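Heads up, the thing below is written out as C-alpha cells.
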Amino acid sequence: WNLIVIQELFEETGLLIGQKETAATSKELEELQEKTKEDPTFFRQVCPSPPVNQLVEWNTWLTPSSYKQRYMTSFFLVDVDAHDLRANQRLKCARRRWFSIRGPIRRTACEKEGRDEVILPPPQVYELTRIAQTPSEQLRFCGNNVHIFCPQLIFWPHKEMISNVLPGDHLYIENDSFNQPTRNMTAEELRVDQDKPIHREEYKPQPLYGMCKLYMHNLSKKYAETLHQFEPDLDKL
Numbered sequence: 016w017n018l019i020v021i022q023e024l025f026e027e028t029g030l031l032i033g034q035k036e037t038a039a040t041s042k043e044l045e046e047l048q049e050k051t052k053e054d055p056t057f058f059r060q061v062c063p064s065p066p067v068n069q070l071v072e073w074n075t076w077l078t079p080s081s082y083k084q085r086y087m088t089s090f091f092l093v094d095v096d097a098h099d100l101r102a103n104q105r106l107k108c109a110r111r112r113w114f115s116i117r118g119p120i121r122r123t124a125c126e127k128e129g130r131d132e133v134i135l136p137p138p139q140v141y142e143l144t145r146i147a148q149t150p151s152e153q154l155r156f157c158g159n160n161v162h163i164f165c166p167q168l169i170f171w172p173h174k175e176m177i178s179n180v181l182p183g184d185h186l187y188i189e190n191d192s193f194n195q196p197t198r199n200m201t202a203e204e205l206r207v208d209q210d211k212p213i214h215r216e217e218y219k220p221q222p223l224y225g226m227c228k229l230y231m232h233n234l235s236k237k238y239a240e241t242l243h244q245f246e247p248d249l250d251k252l
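Below is the structure:
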C-alpha cells in the first residue's frame with residue numbers, strides 16, 4: 016500500500032517524498048508524471064527506491080452502507096518540509112490554501128456560514144483533530160490499524176442532526192457492522208452520557224457536515240487499548 020500511496024501522490028500532485036524538485040519545477044519530472052498516469056510502470060524510473068518507511072499508516076475509513084458508492088479509504092501521514100512546499104508557487108494542484116491545522120477544524124465547528132467558510136467531512140475533522148494534538152515525534156506510534164471505521168448513521172428527530180456512531184460506542188452494532196442500515200432515534204436516546212462508552216461524530220445535514228462535533232470517552236478495554244485516544248472537544252485545544 017505504501018508504494019501505491021507514493022505513486023498516486025506523484026501522479027496527482029507531481030510531488031516526490033524526500034525531494035525538493037517537483038513536476039512543476041522539473042521538465043523531466045513533468046514528462047514522467049504524464050507517462051506514469053498512462054503507464055504506472057514508468058514510476059520505477061522516477062523513484063527506483065521509494066521511501067516507503069517514511070509513511071505512517073494512520074487510519075482506514077469505509078463509506079457507510081447507506082451510500083450507493085462505497086470506498087475503503089486509508090489515510091497516510093508523511094513528514095515534509097512545509098517551507099519548501101509554500102515556496103513552490105507552481106505546485107500542480109487545482110487549488111491550494113495553507114492553514115494552521117486547527118483553523119479548518121474550528122471553522123467546521125462554526126455555526127456561521129460565509130464565503131470563506133471551510134466545512135470538512137467528518138473523517139477529516141476526526142483525523143485533523145487528533146493530528147493537531149499529537150507531537151510530530153509521536154505520530155508514528157498513534158496510527159489506528161486494528162479497526163476499520165465504518166460509521167453507522169443515526170438520524171435525530173426531524174433530521175435535525177446526524178450521528179455517526181463509531182467502533183466502541185455503546186450504540187455501535189458490531190455484528191455485520193459494515194452493512195448496518197440507518198436508524199432513527201430520539202434526542203434522549205442519542206444524548207451523550209458521560210457514564211457510557213461514547214465514540215461518535217455529530218453534525219448538521221444542512222449545510223452538510225456543519226457544526227461537526229466529536230465525542231470519545233469511557234471506551235471499553237478492547238477499544239481503549241487499540242484506539243488512539245485524544246481530546247475531542249475543540250474548545251480545549
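Its first residue numbered 16, the sequence shown is counted upward by one per residue in the working numbering. Cβ atoms here follow ideal geometry from the backbone N, Cα and C, with glycine treated the same way. Nothing here was measured: the structure is a model prediction, and the numbers come from that model.
Across the structure, residue 47 and residue 66 are spaced so that their CA atoms are roughly 18 Å apart.
The beta-bridge partner set that DSSP reports for residue 230 consists of 215. Residue 22 and residue 58 have their C-alpha atoms spaced approximately 7 Å apart. Comparing alpha carbon positions, the residue from 45, 51, 241 closest to residue 160 is 241. By the criterion of at least three beta-carbon pairs nearer than 8 Å, the segment 64-80 is in contact with the segment 163-178. Comparing alpha carbon positions, the residue from 236, 219, 90, 235 closest to residue 228 is 219. Under the rule that a run must span 4 or more residues, the alpha helix (DSSP H) segments found entirely inside the segment 130-181 read 137-147. In the DSSP secondary-structure assignment, residue 205 is not bridged to any residue. Minimum Cα-Cα distance from residue 133 among the listed residues 34, 72, 222 corresponds to 222.
Annotation: residue 91 is outside any alpha helix (DSSP H); the continuous beta strand (DSSP E) that includes it extends over 87-92.
In this structure, residue 93 places its C-beta atom within 9 Å of the C-beta atom of residue 32.
Cα atoms of residue 135 and residue 208: separation of roughly 26 Å, rounded to the nearest angstrom. For residue 75, the enclosing beta strand (DSSP E) begins and ends at 71-77. Straight across, the Cα-Cα distance linking residue 63 with residue 95 is about 20 Å. Residue 238 sits in a helix when the DSSP states are folded into three classes. In this structure, DSSP gives residue 68 a helical state, which the three-state scheme calls helix. The continuous stretches of alpha helix (DSSP H) do not include residue 221, and DSSP gives it neither H nor E. For the pair residue 178 and residue 215, the CB atoms are nearer than the 9 Å cut-off.
Excluding residues up to 5 positions away in sequence, nothing lies with its Cβ nearer than 7 Å to the Cβ of residue 189 in the same chain. For residue 193, no alpha helix (DSSP H) segment is defined, and its DSSP state is neither H nor E. Residue 238 sits close to residue 162, with the two beta carbons spaced by under 9 Å.
Ranking 212, 139, 231, 55 by CA distance to the CA of residue 91 puts 139 first.
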